[in-house]
Every structure is written in structure tokens, then in C-alpha cells.
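Asker: Each residue of the sequence shown is one higher than the last, beginning at 1 in full-length UniProt numbering.
Quick reminder that beta carbons are idealized off the backbone N, C-alpha and C, glycines included.
Quick caveat, the model's predicted, so the values are computed rather than measured.
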Amino acid sequence: MAKSTSSDTTAQGLLKLIDACDNFPYSPSSDYTTTVSSYWLFALLDDWTAECTRLNTHGYMLGSVVEGMPWTGYFNIDRSNKIISIPFCADKSESEILAEQSHLAREQKAFRILADWRDELLPVLGVKKRAVELERKATGLFGIATRGVHCTAYLWASGEPKLIIARRAATKSTYPGMLDNTIAGAQSSMESPWLAYIREGEEETGLPPSITSRAVAVSSVSYIHTRDARAGIGEAGLFQPESQYCYDLELHEGIEAEQPRVHDDEVFGFETMTIQQTWDCLMADEFKPNCGLVLIDFFIRWGFLRPGRDHWMIQTKENVPQPKKGWEVSAEDYTEIVSRLHRKLVFEPVETRLLGSSSSSSSRSS
């Protein structure tokens with residue numbers, strides 16, 4: 001199965017794919033410090049009460065978004081420390097304030113990304129003691145973390161799995177025409193990952209819950225992505241940290257009821273690929289970036305991608321049986337690849353911005 005490519009080349013190709021998705025600098029580094037300091041913090045109160053003053057960071061906002069936003073009067077804009085927050089309001093919840101703000105920005109056509117409005121609410125993660133929701137296409141403007149679900153469906157053929165790969169419709173606003181996992185979508189507000197997966201499975205493949213519920217929750221991948229031109233309509237540089245919950249689903253060839261079919265306008269079609277064909281498409285950069293990470297995770301879990309010798313190691317035993325299928329990278333590169341698939345999503349604390357600041361030029365928006 002494996003082509004005669006060196007482990008170095010394989011590792012470099014995989015890390016390049018990961019870099020395309022997880023493209024935000026890592027800490028500690030001067031690049032990370034410089035990049036984070038260029039963003040504004042989006043912060044919410046620790047508790048939605050009049051007495052609470054503690055703020056927690058929930059997102060990073062571009063300066064151009066802050067300046068281009070037609071702010072309502074419910075936000076505090078701290079220009080000295082570059083912090084956007086919502087002071088307590090007895091008349092409205094944070095979700096209502098964010099909804100009003102997002103709708104106003106959409107009405108005024110302030111940002112291109114809102115042209116792809118979804119009418120789908122996502123949770124603002126990490127909020128304590130209450131639920132805060134935000135329109136899906138506005139999450140990038142406020143730079144909050146989101147969650148999604150991805151499923152890799154497969155059939156058994158000749159002793160190995162063949163993967164069912166989706167191709168995105170050419171009319172999709174994001175990554176049109178690229179290859180995708182069998183089932184993929186966002187986890188909406190008030191929805192568990194499992195319910196999100198079942199819903200997406202029916203919407204995208206037409207498979208009923210009686211079939212998709214056979215899936216097994218197997219892993220998760222996480223990364224921090226800054227939006228680029230390939231993402232389609234929208235502003236470049238938007239901060240998009242994401243976690244994807246991964247499922248494997250075995251289907252059976254020849255059973256009509258178990259064959260995914262085009263069920264909405266987001267999918268062009270489905271095709272069955274061998275492991276080698278899927279690998280070739282992955283290395284050719286034909287998959288949507290985060291779907292590529294899910295497939296790398298699949299190859300690791302199934303043993304198709306495995307650790308080999310590091311460069312300094314000497315082979316001491318001959319005639320030791322070796323796995324015959326798949327690809328090897330050095331043990332060092334393998335560890336790097338695995339760790340990069342599971343990035344911890346953290347934000348700079350508000351207190352860090354406030355340290356050393358004796359005064360702040362803040363005001364309520366008007």
C-alpha cells in the first residue's frame with residue numbers, strides 16, 4: 001500500500017497539512033506574543049449580576065472588526081487595553097444583546113461573512129452559570145471557540161476499510177468543491193455532540209438515526225485557525241479556535257438503506273475510496289483543512305500511520321516482522337503530529353492586559 005516515500009517527506013507533508021489548519025502561533029514565542037497583542041479581547045462577566053466585576057476572555061477580535069462594528073449601546077469599549085465587554089444589563093441577556101448586535105451588523109452590511117447568515121445559534125463556551133448564544137456566522141467576528149462533529153464512515157472490502165468520502169458542493173460558501181468527511185457540521189447551542197452528529201447525519205446523508213446511531217465516539221481534534229481566502233466569503237484573519245468530536249461508522253456494502261446519498265445542497269456527492277486513494281487525496285491537499293486533521297487522526301487510530309525509528313537509532317535486530325500496510329514517520333515526528341492534533345484552546349486572561357495599566361480609556365458604545 002505505502003508508496004516509496006521517505007518518512008521525512010511523509011512527516012513534512014502531514015505537518016504542512018496540520019499547519020494549514022492549526023495556523024495560529026504557539027506560546028511561548030515572540031510571534032505568539034506579537035500576534036495575540038494585535039487582537040482585542042472579547043470578555044464576559046464571570047457572573048451575570050450587577051455586583052460582578054470580574055471579566056473572562058472568550059474570544060479574540062480583529063481591530064478592523066472592532067472599528068467596523070456598528071456598536072449598540074450595550075458594550076464597553078476599552079481602547080487602552082483593547083477589551084470589548086458587556087456590562088450587566090437588567091433588561092436584556094447577553095444572548096439578546098449579541099443577537100441585536102449581529103443583526104444590526106448584518107443589516108448594515110458591515111462584514112462580508114454575515115452575508116452567509118445561517119440562523120443557527122452556537123454556544124459561547126466557557127461561560128459559567130448561564131447559557132450565552134451567538135449566530136454561527138458571527139462567531140468569527142467575536143473570535144469565540146466553537147465545536148463540531150465529524151464522522152468517517154467505512155465499508156470492509158478485501159480485508160481493509162474503504163472510506164466513504166463526501167465532496168462539497170461547488171456552490172458552498174466555504175471550501176467549495178473540496179473533499180470532506182462523510183458527516184460533518186457544527187454543534188449548535190443546547191445540543192450535545194451526539195445529538196449534533198445524529199442531526200447532521202440525517203441532513204447531509206439521508207441516513208436515519210437507526211443507522212447513524214451505530215457509530216462509535218473515538219476521538220477529538222482541536223486547533224486554532226485564522227481564516228484565509230480558501231474559506232470563501234468573509235474577512236481574512238478572523239480568529240477561529242475549534243474542537244471537533246470524531247465518530248467512526250461501519251456501513252455495509254450492498255445494503256441500499258445504508259448508502260449515503262445527497263440530501264441537501266451542501267454536498268455534491270459521495271465516493272468510496274481505498275486507504276491508499278484517501279491518503280493520496282489527503283497529501284494532494286484536496287480535503288477541507290479540518291477534515292484533513294480528522295483523517296490523520298483516523299490513520300493513527302487504525303494503525304496506518306505509525307512511529308518508526310528516530311534518525312539517531314540503530315537497527316539492532318534483523319528479520320523482525322514489520323507491519324505491511326501504511327506509513328511510518330520517525331517516533332519524534334509521530335509525537336509531534338499527535339500532539340498537534342490536540343491543541344489546548346486557551347485565551348489570554350483579562351488581568352494580563354490590565355497589569356501595569358493605571359488608567360483606561362473606556363466608554364460605553366453609542
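To the nearest angstrom, report how far apart G13 and V218 are at their CA atoms.
Answerer: One C-alpha to the other measures close to 24 Å.
Asker: Can we say the stretch 245 to 259 touches the stretch 208 to 227, given the rule of at least three CB pairs closer than 8 Å?
Answerer: yes
Asker: Please state whether the Cβ-Cβ distance between G254 and I18 is less than 9 Å.
Answerer: no
Asker: Leaving aside the five residues before and after K162 along the sequence, list all residues of the same chain whose C-beta is less than 7 Å from its C-beta, in chain order.
Answerer: If we look at K162 and ignore the five residues flanking it on each side, its Cβ neighbours are Y154, L155, T272, M273, T274.
Asker: To which residues of the same chain is L145 closer than 6 Å at the C-beta, ignoring the five residues directly before and after it?
Answerer: Position check: residue 145 holds Ala in this sequence, whereas Leu was assumed. Cβ neighbours of A145 beyond the five flanking positions: L125, P241, L345.
Asker: What residue range does the alpha helix (DSSP H) around H103 cover?
Answerer: Annotation for H103: the continuous alpha helix (DSSP H) segment containing it runs 94 to 107.
Asker: Confirm, please, whether the CB-CB distance from F111 to F42 is below 9 Å.
Answerer: No; because the gap between Cβ atoms is not below 9 Å, this pair is not in contact.
Asker: Taking DSSP's pairing of strands, which residues face E328 in a bridge?
Answerer: Bridge partners of E328: R306.
Asker: For L45, count neighbouring C-beta atoms within 10 Å of its own C-beta (all shown protein chains included) and say buried if the count is 16 or more, exposed if not.
Answerer: buried
Asker: Note down the Cα distance separating L62 from S37, rounded to an integer number of angstroms.
Answerer: 10 Å
Asker: Return the bridge partner residues of Q244 from the DSSP annotation.
Answerer: G148, V221
Asker: Nearest CA to the CA of H150: which residue from M190, T205, G159?
Answerer: T205
Asker: By Cβ distance below 7 Å, which residues in the same chain neighbour R106 in space, the five residues on each side in sequence not counted?
Answerer: L114, W117
Asker: What residue ranges within the UniProt domain "Nudix hydrolase" (146 to 297) form continuous alpha helix (DSSP H) runs of no fewer than 4 residues, ordered along the chain?
Answerer: List check, alpha helix (DSSP H) in window: 193 to 205, 209 to 212, 275 to 283.
Asker: Do the stretch 45 to 54 and the stretch 64 to 73 touch if we need at least three Cβ pairs shorter than 8 Å?
Answerer: With a cut-off of 8 Å on Cβ pairs, the stretch 45 to 54 is not in contact with the stretch 64 to 73, counting fewer than three such pairs.
Asker: Quick one: is K137 buried, meaning 16 or more other Cβ sit within 10 Å of its Cβ, or exposed?
Answerer: K137 should be labelled buried.
Asker: Using DSSP with H/G/I as helix, E/B as strand and the rest coil, what is D78?
Answerer: If DSSP states are grouped into helix, strand and coil, D78 belongs with the strands.
Asker: Is the beta carbon of V221 closer than 9 Å to that of Q244?
Answerer: yes
Asker: Could you tell me the alpha carbon to alpha carbon distance between D91 and S188, rounded to whole angstroms?
Answerer: 25 Å
Asker: Give me whichever residues DSSP pairs with I84 in a beta bridge.
Answerer: F42, I77
Asker: Might you give, ordered along the chain, the residues of its own chain that have their beta carbon closer than 7 Å to the beta carbon of P70, omitting 5 neighbours on each side?
Answerer: So the list reads L104, A105, Q108, A110, once near-sequence residues are dropped.
Asker: So, is D31 buried or exposed, given that buried needs 16 or more other C-beta atoms within 10 angstroms?
Answerer: It is exposed - the Cβ of D31 has fewer than 16 other Cβ atoms within 10 Å.
Asker: With a threshold of 6 Å on Cβ separation, who are the neighbours of T10 within its own chain once the five nearest residues in sequence on each side are excluded?
Answerer: W327, V329
Asker: Could you spell out where the beta strand (DSSP E) holding L15 opens and where it closes?
Answerer: Per DSSP, L15 belongs to no beta strand (DSSP E); it is in the alpha helix (DSSP H), 7 to 21.
Asker: To the nearest angstrom, how far is the alpha carbon of G269 from that of H263?
Answerer: 9 Å
Asker: DSSP has L122 in a bridge; who is on the other side?
Answerer: L134
Asker: Helix, strand or coil for G63? Go by DSSP, reduced to three states.
Answerer: helix
Asker: Candidates L354, L282, D265, Y74: which alpha carbon is nearest T171's?
Answerer: Comparing Cα positions, the closest option is D265.
Asker: Could you give the residue range of the alpha helix (DSSP H) that holds R353?
Answerer: 350 to 354
Asker: Alpha carbon to alpha carbon, how far is D228 from S210?
Answerer: 38 Å
Asker: With DSSP as the reference, label T57 as helix, strand or coil.
Answerer: strand
Asker: If I'm right that P87 touches R147 with Cβ under 8 Å, what's the distance once you round it to whole angstroms?
Answerer: About 28 Å separates the two Cβ atoms, so there is no contact after all.
Asker: Identify the continuous alpha helix (DSSP H) that holds G140 and give its terminal residues.
Answerer: Element bounds for G140: 139 to 142.
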